[in-house]
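First to last, the sequence lines map onto chains A and B.
The numbers in the UniProt record's numbering rise by one with no breaks, and the one at position 1 of the first sequence is 1.
The numbers in the UniProt record's numbering rise by one with no breaks, and the one at position 345 of the second sequence is 345.
The structure appears right after this line, and notes come after that.
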Amino acid sequence: MTITVCDEEFILIKERALFLPEKQLLVISDLHLGKSAHFRRAGLQVPSTVAQSDLQRLSLIIERYAPQTLLINGDMFHHQLNSDVDDFSRWKSYYRNLEFILVKGNHDRLADKHYQDLGIHVYEPSYCTDKLCFIHDSTACKEETLYPISGHIHPGVTIIGKAKQRLRFPCFYFGKEYAILPAFSAFTGLFNIKPNKGEDVYAITPTKVLKV
Amino acid sequence: MQQTIGYKKVQDWLKADKKKPFDFQEEAWQYYADGYSGLVNAPTGFGKTFSLFLAVVMEGLSQEKSKKNAKERLQLIWITPLRSLAKDIARAMNETLQALNLDWHVGVRNGDTSQNEKLKQKKSMPEILLITPESLHLLLAQKGSSILFNNLKCIVADEWHELLGSKRGVMVELAISRIKALNKNNLLRIWGISATIGNLDEALDVIEPDLTAKRVIIRAKLSKKITIKSILPDDIETLPWAGHLGLKLAYKLLPIIKKSKTTLIFINTRGQSEMWYQHLLNIEPDLAGRLAIHHGSIDFELRNWIEESLHTGLLKAVIATSSLDLGVDFKPVDTVVQVGSPKGVARFLQRAGRSGHSPGATSKIYFLPTHALELVEAAAIKEAAKNNNIESREPMVMVFDTLIQYLVSLAVGDGFDDQQIYQEVKNTHAFKLLLPEEWSWIMQFITTGGDSLTAYQEFNKVVKDEQDGLWKVKSRQIAMRHRLHIGTIISDAMLKVKFLSGGYIGMVEEYFISKLKPNDSFTLAGRILDFVQLKDMTVIVRRSKKKRAMSPSWLGGRLPLSSNLGAVLRKKYNEVLDQHHEDEELDTVYPLFLKQQEKSHVPKENELLIELINNREGFHLFSYPFEGRLVHEILAALVAYRLSRLVPITFSIAMNDYGFELLSDTEIPMDDAIAYDIFSPVNLAQDIKLSINSTEMARRKFRDIACIAGLVFQGYPGKYVANKHLQSSAGLFFNVFSDFDKHNLLLRQAYDEVFYQQLEEPRLLAALHRIQQSNIVITHPKSFTPLSFPIKVDSLRANMSSEELDNRIERMKAEAAKF
Chain A
1 MTITVCDEEF ILIKERALFL PEKQLLVISD LHLGKSAHFR RAGLQVPSTV AQSDLQRLSL
61 IIERYAPQTL LINGDMFHHQ LNSDVDDFSR WKSYYRNLEF ILVKGNHDRL ADKHYQDLGI
121 HVYEPSYCTD KLCFIHDSTA CKEETLYPIS GHIHPGVTII GKAKQRLRFP CFYFGKEYAI
181 LPAFSAFTGL FNIKPNKGED VYAITPTKVL KV
Chain B
1 MQQTIGYKKV QDWLKADKKK PFDFQEEAWQ YYADGYSGLV NAPTGFGKTF SLFLAVVMEG
61 LSQEKSKKNA KERLQLIWIT PLRSLAKDIA RAMNETLQAL NLDWHVGVRN GDTSQNEKLK
121 QKKSMPEILL ITPESLHLLL AQKGSSILFN NLKCIVADEW HELLGSKRGV MVELAISRIK
181 ALNKNNLLRI WGISATIGNL DEALDVIEPD LTAKRVIIRA KLSKKITIKS ILPDDIETLP
241 WAGHLGLKLA YKLLPIIKKS KTTLIFINTR GQSEMWYQHL LNIEPDLAGR LAIHHGSIDF
301 ELRNWIEESL HTGLLKAVIA TSSLDLGVDF KPVDTVVQVG SPKGVARFLQ RAGRSGHSPG
361 ATSKIYFLPT HALELVEAAA IKEAAKNNNI ESREPMVMVF DTLIQYLVSL AVGDGFDDQQ
421 IYQEVKNTHA FKLLLPEEWS WIMQFITTGG DSLTAYQEFN KVVKDEQDGL WKVKSRQIAM
481 RHRLHIGTII SDAMLKVKFL SGGYIGMVEE YFISKLKPND SFTLAGRILD FVQLKDMTVI
541 VRRSKKKRAM SPSWLGGRLP LSSNLGAVLR KKYNEVLDQH HEDEELDTVY PLFLKQQEKS
601 HVPKENELLI ELINNREGFH LFSYPFEGRL VHEILAALVA YRLSRLVPIT FSIAMNDYGF
661 ELLSDTEIPM DDAIAYDIFS PVNLAQDIKL SINSTEMARR KFRDIACIAG LVFQGYPGKY
721 VANKHLQSSA GLFFNVFSDF DKHNLLLRQA YDEVFYQQLE EPRLLAALHR IQQSNIVITH
781 PKSFTPLSFP IKVDSLRANM SSEELDNRIE RMKAEAAKF
């Protein structure tokens, strides 16, 4: 689905990503790489394939849109270096011409050196363009003239129909003050948001993105 | 036996006290002395405890005083399902030991036991240990626990009927299997004490599955006199058509409380009991100080005080939930009131037995209906009780979550040898059908995370100790987290509630507090409290000046109607209109049935009623098979699925013990032919599979399974969840396993629990055959009927759809009733 925000074309991708064609910029948020391995180390059985499937999905989008830059809007690495991060490093070597940008989130606490080694450019607290400010947590944004695009909360929306039917999906949120991107990782929960009038929410169903 | 010193001493003591043992007690002593294991079945109030306790004591009196290691003293493990039971039994045991001059100690170990006491027990075990199934597993998860059971003579599972049929029963089975192997004296006997249930023989097989052992069931040939009386409204219109509170009839309780010494009032949920407490005080202020409330979420000290006051007769009435269901012997209690349906004959009789607790006394129980139709249930219960039509408790089998938890407990303790434990586990009733491949999957699950096809890199939990070859948990953090989560009762995160000035009151669920703002008030333990703040995972409150406040709701499972009661209930429904009966309850409810007849139809024994009602909410289909909530849930999904094959349609489903509702936003196709078709037993197994797959039932079951298997942590009262970064939801795990690890046995267990426990296929098949033989009556009432209304207001709902998801969303969007 294509929408216009701040006079710029935004493509909302159902694989939980955002593409800005003019800038050839692909944006995802809350990748949480290493979360499943962190759980495994603590004795909780989360398959490694969870993280691998996240990366496969990312490959799919990169091949479809061929971006110059991949921006990860915070919470790229869940905890510390572990086998999930090794998998990521191998995966990344296939994309030598793609620039990786990380806007640091609350989970991104690796030493600077690790980001350098992985070839990731780190921005803190935000990465700004002429009109947009990419930041992990919108409440921390100090750029008053720019429109913040954030992540962090893993937004979800519940659609309630007649006869007490309800469905719940991850979503994009575009409000007056700021926007929120869905969490990219499949191993994340959803935080329900209730939009007010004049705010747009786009639910991500298994087959498409649609406005609700 | 008669020649032993122990027997003589006990006889002398009984004679001095002018007591004579019952035959079944003598019988139990003899069988115990002869080395039997078994089951004692006797009504409450006849000294079941003494039938086994004294048997062990006699043996102890006859033995030489042993000079064994202080850690190896343990003679008797007494497993009780409830904490409140332990204290009472310990008191009785201590008095007896003193009178008999036997130098034994009685220790209590459960969630209320202080750290200090536990440490003392670690240094020196008492001879008798009163313990809950959870604490017994905790004991096994303690380092150095292997030697504790060397000289154990007997394990008794008290109130075995209560544990049987739950995962806690499986915990007992597993613990027994381990202790049997650790025990060194070859004299260990396993006994259960059970109230009357439909399957006593099976109950014996579960607690002592070794068919080569000497086993016996001892039945006390004593019967308990019970009088049952319904509290009837003067006019049926006083009673609502639906609801669960019954406060309108509360005034009728006052004279009953007044003329009784002490009254126990049983209410089905904790939330409702709080409301009843407030209401009784409002209508009878004189009760202040002499009315108490007792439930599982009330602080330990307060509960203690209430139980103490019940003994001394200080209290006029106590409002209780199932927390006081079981064998506590409160002498002054002479009257019991049951508010709302007890849902089963056995439970009702058990509660009745709380009054007139001494041998020979008559138990008196009043039934107070909360809505009109419950009066029919009262008549049904009376009849079932008269005919001794008592339910069976089906033991649980193949509960992998409980087995996984048990294995990790052993690994946290002294470690285990997988070959040996496999044999032990195979010998339990619960896992006798365990396959070698299932066992190896479970071992993989706790050691490598899962089967080799699905990668589980870096997984760390149970590892092999290279020195002794035993499987152990090496990580202290994992061990600590596991110990905190031993158990199979899952509740929402609970928070302790404390006065600003100090003093604990009880616990409430976290989600309830999350909805409160400062200065909002709520009731707990019968007090009205103002919420001040949440601090260090403790809810700080102060006394409120307000007169009314909301009651917290505790999420607890609601009990379904038992099939025994369902059958009697169908019969009673028939009898209301033709008036050939002697039940005053049915006379009272007569006008309501006339209204039902006028608006729609009252189903006869050979009829199935379907009501189609169309209103603002949508198109409703109600049907009344009277098979109990669980069967209706499956039946509703089945009918919804079969209807959805005719036209693309989406249903939301609701049910109660009488029937179910399908609600749709499009018209439901229905005529005689369709009706017989959707209730057909043809292709049942296949259709059920398809209909259940599309519902959320397995996912709901998985919530508990994920907690028990240690995937998801429930909060623990008063303790901050230090592992927030490891928090995840059961639903997420359900998705992850469904997508990435389909062979996960826990996933299979979730479906199995739905199929074999909830589904009860034989019962469902019988119901469908019955329906095929009946007349299906379809009516189109203009508005809700007395039968349909209670289902309509029920809030538990599931969904069933045959529409494409996208279409469904588009249509729901178009309706614009979003968020």
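Virtual Cβ for every residue (Gly too), placed ideally from N, Cα, C.
Quantities reported herein were computed from a predicted structural model and do not represent experimental measurements.
Taking C-beta pairs closer than 7 angstroms, name the residues in chain A that L612(B) reaches, listed in chain order. Ordered by position in chain A, no residue passes the 7 angstroms Cβ test against L612(B), which lies about 14 angstroms from the chain.
In whole angstroms, give me the CA-to-CA distance for W160(B) and G169(B). 8 angstroms
Please identify, using Cβ separations under 8 angstroms, the residues of the segment 37 to 49 of chain A that lie next to chain B, in order along the chain. A37, H38, F39, R40, R41, A42, G43, L44, Q45, V46, P47, S48 and T49
Could you say which of I267(B), H632(B) and T335(B) lies nearest to K259(B) if we only look at CA atoms? T335(B)
Completely contained alpha helix (DSSP H) runs for the segment 48 to 87 of chain A, where each covers 4 or more residues: 49 to 65
Minimum Cβ-Cβ distance from G175(A) to chain B less than 8 angstroms: no
Local Cβ density within 10 Å of D665(B), reported as buried at 16 or more and exposed below that: buried
Within 10 Å of its beta-carbon, does residue 223(A) have 16 or more other beta-carbons around it, so buried, or fewer, so exposed? The structure shown has nothing for residue 223(A), since chain A only spans 1 to 212.
Check whether the segment 572 to 586 of chain B touches the segment 733 to 745 of chain B, taking contact to mean three or more Cβ pairs, one atom from each stretch, closer than 8 angstroms. Flag = no, the segment 572 to 586 of chain B and the segment 733 to 745 of chain B do not touch.
Return the chain-ordered list of same chain residues with a C-beta closer than 7 angstroms to the C-beta of A90(B), the five sequence neighbours on each side being excluded. V106, V108 and L130
Of all Cβ atoms in chain D, is any one closer than 8 angstroms to the Cβ of F77(A)? Given the protein chain composition of this structure (A and B), no chain D is represented.
Measure from the C-beta of Q749(B) to each C-beta in chain A and report whether the shortest distance is under 8 angstroms. no
Extent of the continuous beta strand (DSSP E) run through H429(B): H429(B) -> no beta strand (DSSP E), and no H or E assigned at all.
Closer than 7 angstroms by beta-carbon distance: list the chain A residues that pair up with K461(B), in chain order. G43
Short CB-CB distance (under 8 angstroms) between D741(B) and chain A: yes
How about the segment 561 to 574 of chain B and the segment 522 to 531 of chain B: do they share at least three Cβ pairs that are nearer than 8 angstroms? no
So with CB distances below 7 angstroms, who are the chain B contacts of S83(A)? Q457 and E458
For M480(B), count the other beta carbons within 10 Å of its own beta carbon; 16 or more makes it buried, fewer makes it exposed. Which is it? M480(B) comes out exposed.
Could you check the C-alpha separation between G710(B) and T447(B) for me, to the nearest Å? 13 angstroms
Bridge partners - A767(B), DSSP secondary structure assignment: None, per the DSSP bridge assignment.
For F660(B), which option in K782(B), P762(B), L524(B) and P790(B) has the closest C-alpha, if you only look at C-alpha atoms? P790(B)
What does V736(B) touch in chain A if you count any residue whose Cβ is under 7 angstroms from its own? V46, P47, V50 and F187
I'd like to confirm the pairing. Which residues does DSSP put opposite E143(A) in its beta bridges? Per DSSP, none; premise fails for E143(A).
How many angstroms separate the CA atom of A220(B) from the CA atom of W29(B)? Between the alpha carbons of A220(B) and W29(B) lies a gap of roughly 13 angstroms.
Contact belief for S62(B) with I5(B) at Cβ below 8 angstroms, rounded distance in angstroms: 5 angstroms
In angstroms, rounded to a whole number, what distance separates the CA positions of P285(B) and I257(B)? 13 angstroms
Taking only beta-carbon positions, decide if A722(B) is within less than 8 angstroms of chain A. The predicted position of A722(B) is uncertain, since its pLDDT is 47 and thus under 50; a value taken from the coordinates is nonetheless stated next. Judged by the 8 angstroms Cβ criterion, A722(B) is not in contact with chain A.
Three-state secondary structure (DSSP) of D108(A): coil
P436(B): first and last residue of the uninterrupted beta strand (DSSP E) it sits in: Where P436(B) is concerned, there is no enclosing beta strand (DSSP E), although the alpha helix (DSSP H) it sits in stretches over P436 to T447.
Could you check if H342(B) is buried or exposed, using at least 16 other CB atoms within 10 Å of its CB as the buried criterion? Sequence check: residue 342(B) is Pro here, not His. Buried, because 16 or more other Cβ atoms sit within 10 Å of the Cβ of P342(B).
Give a yes or no on whether the C-beta atoms belonging to M396(B) and G198(B) are separated by under 8 angstroms. no
Leaving out the 5 sequence neighbours to the left and right, which residues in its chain are closer than 7 angstroms to I204(A) when beta-carbon positions are compared? Excluding residues within five positions, the ones whose Cβ falls inside 7 angstroms are K14, R16, F169, P170, C171 and P182.
State buried or exposed for G156(A), treating a residue as buried only when at least 16 other CB atoms are found within 10 Å of its CB. buried
Measure the alpha-carbon distance for G469(B) versus D401(B) and round it to whole angstroms. 25 angstroms
Which residue's Cα is closest to the Cα of L60(A): L26(A), G34(A), N73(A) and A37(A)? Nearest neighbour of L60(A) by Cα position, chosen from L26(A), G34(A), N73(A) and A37(A), turns out to be L26(A).
Given R178(B) as reference, the closest of F416(B), S230(B) and K595(B) once Cα atoms are compared: F416(B)
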